[in-house]
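Asks: So that we are looking at the same thing, I have put the structure below in structure tokens.
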Amino acid sequence: MGQFLDNKDRKIVPRWRNFTLAASLGELSSDKIQNEDSVGHPSLEKKIQEWKVYQTPSFAADALSSAFVLNQYDRVIDIANVVLSKANLFHKSLVNIAKIVLSKENEIEYPEENLSGNQRIALLRKQLRDDPRDSLSWIDLAREYTIIGKEEKAEKAVDLALNLAPVNRHVIRSASRFFVHAGKPEKAHRILSTAQSLKVDPWILAAQIAVSSILKKRSRHVKEALSLVDGKKYYPFHTSELTSALATIELEEGSTKKARKLFTRSLAVPTENAVAQAQWASNQILNFNLDERSLDIPRSHEARSLHFYHKENWGQALHESILWLNDQQFSSRPAVHASFLASVILEDYQKANELVLQSLKSNKGDFTLLNNLAFSLASDNKVAEAKAWHAKISRKKINGSEMIVFLATSGLLNFRSGDSIAGRHLYLNAINLAIQMSEPRYAALASLFLLREENRISSTDSKEVALGLADKYSKNIEEPYVIILRNRFGLGTKTKANSKLIL
Amino acid sequence: MKSPAEQLKSRYLDGGWRVVDQITLSSNHSGGNFSAGYVVENKDGRKGFLKALDYSRALKEPDVALALRAMTEAYVFERTLHEQCKASRLSRVVTAIDSGNTRIDPGLAGVVEYLIFELGEGDIRKHVDHGNKIDLAWILRTVHNVSTGLFQLHKIGIAHQDVKPSNIVVFEKGDVSKLTDLGRAVSENIPTPSHIDRPYAGDPGYAPLELKYGHKDSRWEVHRYGCDLYLLGSMIVFLLTKHGMTSNVILKLNKAHRPKFWSGDYFSVLPYVRHAFNEVVNELKDLILVKAFEDEIIEVVRELCDPDPRLRGHSKNLGTANQYSLERYISQFNLLTKRAEIYMMTGKKI
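Line by line, the protein sequences give chains A and C. According to our numbering, the stretch in the first sequence is residues 1 to 503, in order. According to our numbering, the stretch in the second sequence is residues 504 to 853, in order.
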């Protein structure tokens, strides 16, 4: 059976985006209010006077660029207009300055380069040959290597970046995300815990608390974090993830009231990661609903995907989960979610295969991805291929609930290979194990997919048994995917009630 | 009403000089003081540029005595630097050929102090915009001249601190360029007046990146000569893009990392600055149309303008006592200029 994104547990670990994108989202801003405008300078006035006398490109450029550096845009509006009207006489950088001056914007949007992963790697490597001290390019290169599964190379690049810029927020957060991905959360924890700016940078502190939770530890800095969040020193955007991390701790420790209050605060001016965390929390806490306007925050694909999922808008949910995967290409979570939506709910097996194959590059050996691929291929009657992928699962590493899924998918493979007896046996084992382990959602899914297989081979007696099991184990499960499968397999119409886990 | 410094036209001065025409208004663009600029002519036929100090500006300051003292100190300091330059016969620095004063009216600020310099043909902005042949050979020759001027100053312990297009004057129809204006210069050997002895007193539009963020290295040579190296590299950038390295890099920085918005120290913003700097340097490559020269010129810009002042200087000198010496660059620019001239004439690279 296809495995769903088990959302019982979510930590607000940092997102890992390339530097340009991370910077444009404001994650790397200084946390202080902006400095005063530079005062005018006589040298600028002189240049403006000279421009009036000579009216030639170099004088225009000299005055315009100085005004740009000094933030004195109003003084050079006329010159900026001239530069724009005669753009062919000027370098593109100066034309961009003129545009900024005229629009009074501080940013020019540079179109994202449409390069393949290999092209991006080649470009970064070339840039690093020219300047090996560019820590941000090292961290971008590490990300590219992580996406294609070259973890050793990625780790070397991360280590180099950390050596070059041990105090840089982007480098530290990205490095911690890498080590969590690479299954080395202790190293991530060490990097964050020893960061010089830990106690004064809410972004680093948020990551430290989240990674501590992964290690089942309570961060020693929770108290400091609470006072930092309570103080007025930081603009709420900068403390959004920290507040969310604290809210998550409260939720884990059962203080729902405090968690609700902190999650609400985290959404004052949130990052998309805080929105995703709140979206996740809204499904766990009674009377905590995410304001839908929060979903408009750029790159809120994870939150939007879950939002549409709960609204049973499957197409949009899948679309957003694919965007989430594109944003965090190395992460298995969006791929698991997207492949489950595509295969189990939408029965778009080709799409599911595509998504899982993409994610397996950076998550080689990931149990859920391999299982979902085997499930999707088998459901599409590509049994040999499905078996080959299923065989790649390392049985030694399978944990409790994964064993339920493994048995069920093994059952499916047997059914599709023509051995319905073995298939049935394995499905029943999966259901029994799920019951033993008190995993009702798994029992429901296994019994529903057993029913699907029995329906396919039309053996009346077994079908009746499977129908009974599926009805028994799925009728009390309010998850949208269970409801849709019940309807699909003829277990009567059932609508979604309140699927929240009441805490 | 015109200030005394603006009333010199047609006056006769000591040393056989006659003031011909005023060419710049009184402003404090070029030094610690307000000054007006004139063309002067000597009885012997020599022409010069006269910089007249406008003491009357001090009368508008709240503390007149303090302002007058500051102006006098600045004038004396600049004159002393020029005397030092003259004595050292610096070939690529516009030196003062005369100095003196003249009384315009009997008031407190009625005396105008002046310095007379050799007269050039205008700064490089005029030169590049007036139909002159601007090719790679000319650019390299100009950079060679400017680096020579800076090297000559450094040898006598002076850091210029204000290398910018308007302070590079051309002579001999552009074949020779010289550095001018020591109004913001500082000296290793002569105590600098306090109002000039700031981390950076030069044109803020061209200020080195670290100084835009308020970072000053405590070592004089790293701070001062490192600044001059940056400004020299920035002039190469100007000759290619018509604006300096600082505005190019700031444009590439995310708004949040620009000096105006950054509240942390320089080393915490440095990774972002370096990343933006690398983008600028990589884009410069497209502007060097003769590809045979591309790598070498880009490398020089990279070394001269490194965002970390501790890393500026020729790669072979890093970590040595000569790290900030321009000597190697002068040889390099000289060779590059010759190669470019031959290339321009024959189309063959050497």
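Where is the CB? At the ideal position from N, CA and C, for every residue including glycine. Just so we're clear, the structure is a prediction, and the values are computed from it rather than from any experiment.
1) Nearest-angstrom Cα distance between A/ARG177 and A/LEU290?
2) In whole angstroms, give me the CA-to-CA distance for A/LYS472 and A/LEU21.
3) Could you tell me whether the Cβ atoms of A/SER65 and C/SER737 are closer together than 8 Å?
4) To the nearest whole angstrom, what separates the beta carbons of A/ILE345 and A/ILE484, a pair I think is in contact under 8 Å?
5) Can you tell me whether C/SER602 is helix, strand or coil according to DSSP?
6) Using Cβ-Cβ distances below 8 Å, what residues of the segment 124-144 of chain A are close to chain C?
7) For A/LEU267, which residues in the same chain have their Cβ closer than 8 Å to its Cβ, ignoring the five residues on either side in sequence?
8) In angstroms, rounded to a whole number, what distance separates the CA positions of C/LEU553 and C/GLU830?
9) For the alpha helix (DSSP H) containing A/SER227, list its first residue and its last residue.
10) How many Å lie between A/SER410 and A/ARG304 at the Cα?
11) From this set, A/PHE308, A/VAL83 and A/LEU124, which residue's C-alpha is nearest A/VAL95's C-alpha?
12) Considering only C-alpha positions, which residue in the set A/PRO14, A/VAL383, A/LEU306 and A/VAL171 is nearest to A/PHE4?
13) Leaving aside the five residues before and after C/HIS657 along the sequence, list all residues of the same chain whose C-beta is less than 8 Å from its C-beta, in chain order.
14) At least one CB of chain A closer than 8 Å to the CB of C/HIS698: is that the case?
15) Is A/SER219 helix, strand or coil when you go by DSSP?
16) For the segment 631-652 of chain C, list every residue whose C-beta sits within 7 Å of some C-beta in chain A, in sequence order.
17) Which same chain residues, not among the five before or five after C/GLY613, have their C-beta less than 6 Å away from its C-beta?
18) A/ASN18 by DSSP, collapsed to three states: which one?
19) For chain A, find out if any of its Cβ atoms is closer than 8 Å to the Cβ of C/ALA704; answer yes or no.
20) What is the DSSP secondary structure of C/ARG521, counted as helix, strand or coil?
21) What is the rounded straight-line gap between the Cα of A/GLN284 and the Cα of A/ARG260?
22) Quick one: give me the first and last residue of the alpha helix (DSSP H) that A/LEU433 is part of.
23) Cα-Cα, which of C/TYR716, C/HIS726, C/ASP789 and C/ARG722 is closest to C/PHE917?
24) Strictly by DSSP, which residues pair up with C/ALA662?
25) List, in chain order, every chain C residue whose beta-carbon is nearer than 7 Å to that of A/ALA122.
26) Our contact map puts C/ASP771 next to A/ASN168 with C-beta atoms below 8 Å; I'd like the distance itself, whole angstroms only.
27) Name, going along the chain, the residues of the segment 158-173 of chain A whose beta-carbon falls closer than 9 Å to a beta-carbon of chain C.
28) I think C/GLY686 touches C/GLU576, with their Cβ atoms under 8 Å apart; what is that distance to the nearest whole Å?
29) Would you kindly work out how many angstroms separate the C-alpha atoms of A/LYS361 and A/ILE148, rounded to a whole number?
30) Among A/GLY254, A/GLU272 and A/LEU246, which residue has its Cα nearest to the Cα of A/LEU262?
31) Report yes if the C-beta distance between C/LEU591 and C/ILE833 is below 8 Å; otherwise report no.
32) Can you name the residues that DSSP bridges to C/GLU621?
33) Which residues in chain C sit within 9 Å of A/PRO14, going by Cβ to Cβ distance?
34) Roughly how many angstroms lie between the CA atoms of A/GLY117 and A/GLY315, to the nearest whole one?
35) In the DSSP output, which residue or residues are listed as bridge partners for C/TYR541?
36) Return no unless some Cβ of chain A is closer than 8 Å to the Cβ of C/GLY686.
Replies: If we stick to the structure as given:
1) 26 Å
2) Roughly 49 Å separates the two Cα atoms.
3) no
4) Going by Cβ atoms, the distance from A/ILE345 to A/ILE484 rounds to 6 Å, so yes, they are a contact pair.
5) Assigned with DSSP and collapsed to three states, C/SER602 falls in strand.
6) GLN127, ASP130, ASP131, ARG133, ASP134, SER135, LEU136 and SER137
7) SER240, ALA274, VAL275, ALA278, LEU290, ASP291 and SER294
8) 32 Å
9) Counting along the chain, the unbroken alpha helix (DSSP H) around A/SER227 starts and ends at 222-230.
10) Computed Cα separation, rounded: 33 Å.
11) When C-alpha distances from A/VAL95 are compared across A/PHE308, A/VAL83 and A/LEU124, the shortest belongs to A/VAL83.
12) Checking every option, the nearest Cα to that of A/PHE4 belongs to A/LEU306.
13) TYR728, ASP731, TYR827, SER828 and LEU829
14) no
15) coil
16) VAL631 and ASP632
17) PRO507, ARG606 and ILE607
18) Of the three classes helix, strand and coil, the one that applies to A/ASN18 here is coil, per DSSP.
19) no
20) strand
21) Each residue's alpha carbon lies about 10 Å from the other.
22) 420-436 is the extent of the alpha helix (DSSP H) around A/LEU433.
23) Within the shown structure, residues of chain C are numbered from 504 to 853, placing residue 917 of chain C beyond reach of any answer.
24) C/VAL689
25) In chain order: nothing, as chain C lies at least about 14 Å away.
26) What sits at residue 771 of chain C in the sequence shown is Ser, not Asp. So it is a contact: roughly 7 Å between Cβ atoms.
27) Along the segment 158-173 of chain A, going in chain order, the ones with a CB nearer than 9 Å to a CB of chain C are ALA161, LEU164, ALA165, VAL167, ASN168, ARG169, HIS170 and VAL171.
28) With 8 Å as the limit, C/GLY686 and C/GLU576 do not qualify as a contact, their Cβ atoms being about 12 Å apart.
29) As the crow flies, the alpha-carbon of A/LYS361 is around 5 Å from that of A/ILE148.
30) A/LEU246
31) For clarity, residue 591 of chain C is Ser in the given sequence; the question names Leu instead. Contact annotation: C/SER591 and C/ILE833 have beta-carbon atoms that are not nearer than 8 Å.
32) C/GLY551
33) None at all; the shortest Cβ gap to chain C is about 16 Å.
34) 27 Å
35) C/GLN525 and C/LEU553
36) Judged by the 8 Å Cβ criterion, C/GLY686 is not in contact with chain A.
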